[in-house]
Each structure stands twice: as structure tokens, then as C-alpha cells.
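Colleague: Below you will find the structure I want to go over with you.
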Amino acid sequence: MNCPKCSTALTKKYYKGMMEVDYCPVCRGMWLDFDELDRLEDIAFDDDSFKGSLVHRENKTQYKCPACGENLHEFQYRLYDLMIDYCPGRHGFWLDAGEDERVLAIMHTQYDRIKRKKSAETGWKQLLHGLHSFINKE
Ligand SMILES: [Zn+2]
Ligand SMILES: [Zn+2]
Numbered sequence: 008m009n010c011p012k013c014s015t016a017l018t019k020k021y022y023k024g025m026m027e028v029d030y031c032p033v034c035r036g037m038w039l040d041f042d043e044l045d046r047l048e049d050i051a052f053d054d055d056s057f058k059g060s061l062v063h064r065e066n067k068t069q070y071k072c073p074a075c076g077e078n079l080h081e082f083q084y085r086l087y088d089l090m091i092d093y094c095p096g097r098h099g100f101w102l103d104a105g106e107d108e109r110v111l112a113i114m115h116t117q118y119d120r121i122k123r124k125k126s127a128e129t130g131w132k133q134l135l136h137g138l139h140s141f142i143n144k145e
């Protein structure tokens, strides 16, 4: 598969030892299979009432799905000012460099609001730490 943004061949990376992602070594974006964004959220909070209502606004982009070549669409992540590209054929999501951190920051904000138990907070810090080493690895 090739990067939808810069056409570089994507390489497999293991993200925080929990899921395999296709990573662009040039622009540092990453492709997640369709259920993997969900899994990312599951790490930060497991309460389903804070998930869902993911898509608030949707536009077609000029970028192509690395799996099927269809145009990716972008959606607004929850009510925040963050647009994420995804394939309407449910192949996956594209996160530009740093967007995964913003997704996690949003989750962290919600986490603070709902005051999850301490063990969840520890898990969150470990995940954030892992993300940093992942992003800064190359
Ligand atoms: Zn790229
Ligand atoms: Zn696709």
C-alpha cells in the first residue's frame, strides 16, 4: 500500500505492542484498519456511552484509499476541530503526523471529565508514553 498523501510505500509498524499499523516513513502519517481507531479509544476509556457519534461532518477529499483506490472522505472527529480521513468502503482511517496524539488528547480531556479510576489513568500515561516513542522513533 502507498501513502495517500505522498505516495511513499507504507511500512508495517507495531503500535504500542497492541496493533499493527501501516506507517509512512516520509510524512509520518499512519493508516489504521477500520476498527483500530475504536481500539485506540478502548485503551483510554471503556465506557461505550462516550464513544459513538463519531462523524459530525463529512467531505470528499482528493486522496485515495491505499486499499481500494477510492477517494477518501474526511470527517470531523467528535465536536473537536480535527478532520480525519477515512475510506467510505470501511477499509480504514488515515491519521496525519501528530493527529493520533490529538485523538488521544481529546480522549484525555474526556477522561478527565469523567474521572476514570486510577488504573485507567496509569494505562493512559503508558499509552501516551508509547505513542511518543513511536512518533519519535525515526
Ligand atoms: Zn506519506
Ligand atoms: Zn478503501
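One point on numbering: in this note's numbering, the residue at position 72 of the sequence shown is 79, and numbering is uninterrupted. Note that beta-carbon positions come from the ideal geometry of N, C-alpha and C, so glycine has one too. Please read these numbers as outputs of a predicted model, since none were measured by experiment.
Say whether the region 27-46 touches the region 96-110, bearing in mind that this needs 3 or more beta-carbon pairs closer than 8 angstroms, one atom from each stretch.
Modeller: yes
Colleague: Within 10 angstroms of its Cβ, does Pro-73 collect 16 or more other Cβ (buried), or is it exposed?
Modeller: buried
Colleague: Identify every residue that forms a DSSP beta bridge with Tyr-93.
Modeller: Bridge partners of Tyr-93 according to DSSP: His-80, Phe-100.
Colleague: Please classify Tyr-21 as buried or exposed, where buried requires at least 16 neighbouring CB atoms within 10 angstroms.
Modeller: Result: exposed.
Colleague: Return yes when the C-beta of Cys-94 is under 8 angstroms from any heavy atom of ligand 2, and no when it is not.
Modeller: yes
Colleague: Output the distance between the C-alpha atoms of Met-26 and Lys-19, rounded to the nearest integer angstrom.
Modeller: 10 angstroms
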